[in-house]
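Residue numbers (my numbering): 321 to 414.
For every residue, glycine included, the Cβ atom is placed at its ideal position computed from N, Cα and C.
First up is the structure itself, then whatever we jot down about it.
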Amino acid sequence: MPKLKKGVKRVPKLKSSKKRLITNHKAQLRNRATRSKMRTAIKAVHQAPDQGAAQDALRRAFSTIDKTAKSRTIHKNMAARYKARLTKLVQSMN
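As structure tokens, this is what we get:
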């Protein structure tokens with residue numbers, strides 16, 4: 321069972337509540353890792369030295385963003401917004 325916040329004394333008594341606590345914790349860890357990968361991919365596009373490297377980083381970022389949206393960690397409209405902004409950034413590089 322995941323550790324509760326310091327000072328929290330209430331723990332679930334029902335079996336289903338205990339299971340939800342564990343399941344939610346696992347999902348939280350999975351979502352955090354997925355979101356972190358996505359943010360790292362986005363940073364790679366921002367830090368690309370030239371347009372060629374940015375195009376390559378953009379392709380990888382698109383894949384990561386789409387996977388994150390597919391797993392419902394982020395909303396599909398948020399994914400579209402990220403992709404539009406990144407595309408605009410790469411096109412403005414000269």
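### Between the CA atoms of T343 and V331 - distance to the nearest angstrom
15 Å
### Task
Identify whether I394 lies in helix, strand or coil by the three-state DSSP scheme.
coil
### Task
Thinking M413 and A374 are a contact (beta carbons under 8 Å), I'd like their distance in whole angstroms, please.
6 Å
### Cβ neighbour criterion (16 or more within 10 Å) applied to L378
buried
### Query
How big is the Cα-Cα spacing for H345 and R392?
16 Å
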